[in-house]
Amino acid sequence: MLMANGLVKRFRTRTGLTTAVDNITMSVAAGEVLAFLGPNGAGKTTTIKMVAGLIRPDRGQVVVHNMDVTGRPALAAARLGAVLEGSRNLYWRLTCLENLIYWGTLRRLSPSEARSRAVELLRLVDLEQCQHNTVQTLSRGMQQKLALCQALMHQPKLVLLDEPTLGLDLVSAQVIKAMVRRLAGDGVAILLTTHQMDVAQQLADRLAIIRSGKLMLTGKTAEVLARYSRPVWRIAVSHPLPADRLAAVRDLGWSIEQPTPADLLVTPPADDPTVIYRLLDVLRPQPIRLVQRHQADLAEVFRQVMAEGEALL
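Heads up, the sequence shown is in the working numbering, so the first residue is 20 and it goes up one at a time.
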C-alpha cells in the first residue's frame with residue numbers, strides 16, 4: 020500500500036545545506052503495522068510529510084496504492100488518512116458529527132454518505148452518545164478516538180498514526196490499540212510513529228529505526244527482538260545458594276552474576292537452549308521460583324541502535 024523509495028530532503032540553513040532525510044526506503048503492506056521510530060530531530064516528521072505529499076523530496080518517489088503521490092497533497096489525501104498528535108485533526112467548536120461530516124464532504128463524500136459514515140464510525144468507537152457535543156468538551160481519549168474516525172471517513176487503505184496513545188489513560192489507550200489491530204485485520208496498512216516503545220512493540224509487525232536522517236535498522240519485530248536478546252538466564256531461588264552449589268555451576272563453564280544472594284544471572288558457555296537442564300540438575304533440590312531467558316524489549320533495542328549510531332559518527 021505504501022512504497023517510499025530513496026527519499027532525500029535537504030534544507031538550506033545559515034551554514035549551508037542540511038540533509039534531513041538521507042536515502043530512506045521503506046514499504047508497508049496491506050494489513051501490516053510498521054513502527055517508524057527515532058529520536059527527536061531524526062527526520063521522521065519530514066519523511067511523513069513527504070509520504071503525505073505535503074513536501075516534495077529532492078530525490079525519490081512515494082507510491083500509495085499504486086499511485087505516485089510524490090509532492091501531490093490532494094492526491095495523497097484522497098488515498099490515505101492521518102491522525103496527528105495534539106488533536107490537530109479536529110475543529111474544537113464543531114460537534115463530533117459536524118466534524119466528521121465536514122471532513123467527509125472534503126473527501127468527496129456526498130452529505131448523506133458523510134452523515135451515514137460518521138454515525139457508523141461514532142457507533143464503532145462508542146461516541147454515538149456524544150455526537151452533538153463539541154470537541155472542546157470531550158476528554159483527551161474521546162478526542163483521539165474522534166480523530167481516528169476523521170481519518171477513516173473515506174475508508175483509506177493507508178493510515179498514518181502519529182503518537183496515537185500519547186497522554187491517554189490506560190483504558191483509552193487500550194481502545195485505540197484495539198482499533199489499530201482491527202484496522203490491520205481489515206487489511207489497512209498503518210505507518211505508526213511514536214516515542215512509546217511499549218506501544219510500538221505491542222502493535223508493530225515490522226520496525227524501521229531512523230537516526231540523523233538515515234535508516235539504522237529495519238526488520239520484523241519478533242526477529243529484531245530475538246537478534247538483540249542475550250544468551251543470559253535469570254534464576255531466582257528461594258534461599259541464597261551455598262558456596263558449593265555456586266562452584267558447581269561455575270564448573271559447568273557458566274559465568275555468574277548475583278544482583279541479590281537469591282537472584283542469579285547466568286551465562287552458559289554456549290548459546291544452546293538445552294544447557295539449562297544441566298544447570299537445573301546442579302541446583303536440584305534447591306526450590307526455584309523463576310527460570311527466565313533474557314528477552315530484549317524494544318526500548319533496549321532502541322537504546323542500543325542509538326549507541327551504535329553514535330559510535331559511527
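The beta-carbon is built from N, C-alpha and C at its ideal position, and this holds for glycine as well.
In the structure shown, Glu329 adopts helical secondary structure according to DSSP, grouped into three states. Ser129 is not bridged by DSSP to any residue. In this structure Asp316 is exposed. Its beta-carbon is surrounded by fewer than 16 other beta-carbon atoms within 10 angstroms. In this structure, the CA atom of Gln162 is about 53 Å from the CA atom of Leu298. With contacts defined as CB atoms closer than 9 Å, Ala54 and Thr213 qualify as a contacting pair. For a cut-off of 8 Å, the C-beta gap from Leu167 to Met216 is around 21 Å, too long to register as a contact. In the three-state reduction of the DSSP assignment, Gln148 falls in the helix class, which pools H, G and I. Secondary structure within the region 187–213: the beta strand (DSSP E) runs of 3 or more consecutive residues, fully enclosed, are 208–212 (chain order). Secondary structure note for Glu242: it is in no beta strand (DSSP E), and the uninterrupted alpha helix (DSSP H) holding it is 240–247. For Glu276, the beta-bridge partners assigned by DSSP are Leu284. Per DSSP, Ala267 is one residue of the alpha helix (DSSP H) stretching across 262–270. Under the three-state reduction of DSSP, Asp217 is assigned to helix. Taking one beta carbon from each stretch, the region 32–50 and the region 60–74 have 3 or more pairs nearer than 8 Å; the two touch. Burial check for Gln323: the Cβ neighbour count within 10 Å stays below 16, so the residue is exposed. In this structure, Pro92 and Leu116 do not form a Cβ contact; the two beta carbons are roughly 26 Å apart against a cut-off of 8 Å. DSSP lists Thr114 as the beta-bridge partner residues of Thr153. As a beta-bridge residue in DSSP terms, Leu236 pairs with Ile228. Looking at the DSSP output, Thr64 sits in no beta bridge, so it has no partner there. DSSP, read as helix, strand or coil, puts Ala318 in helix.
In the structure shown, the three-state DSSP call for Arg33 is coil. Note that the C-beta distance between Leu234 and Ala227 is below 9 Å. Closest by C-alpha distance to Gly328, out of Gln155, Cys149, Glu147, Ser231, is Ser231. In chain order, Val251, Arg253, Glu276, Pro278 place their CB closer than 7 Å to the CB of Leu284, counting only its own chain and leaving out the 5 sequence neighbours on each side. Around the Cβ of Pro183, a 10 Å sphere holds 16 or more other Cβ atoms; the residue is buried.
In the three-state DSSP reduction, Val251 falls in the coil class, being neither helix nor strand. Within the region 81–108, the complete alpha helix (DSSP H) runs of at least 4 residues fall at 92–98. For Lys164, the three-state secondary structure derived from DSSP is helix. Short of 6 Å from the beta carbon of Ala133, and not among the five residues preceding or following it, lie these beta carbons of its own chain, in chain order: Ile120, Gly123, Thr124. For Ala23, the pairing in a beta bridge is given by DSSP as Met45, Val81.
Shown here, Arg75 sits in coil according to DSSP, grouped into three states, outside any helix or strand. Judged by DSSP in its simplified three-state form, Asp300 adopts helix.
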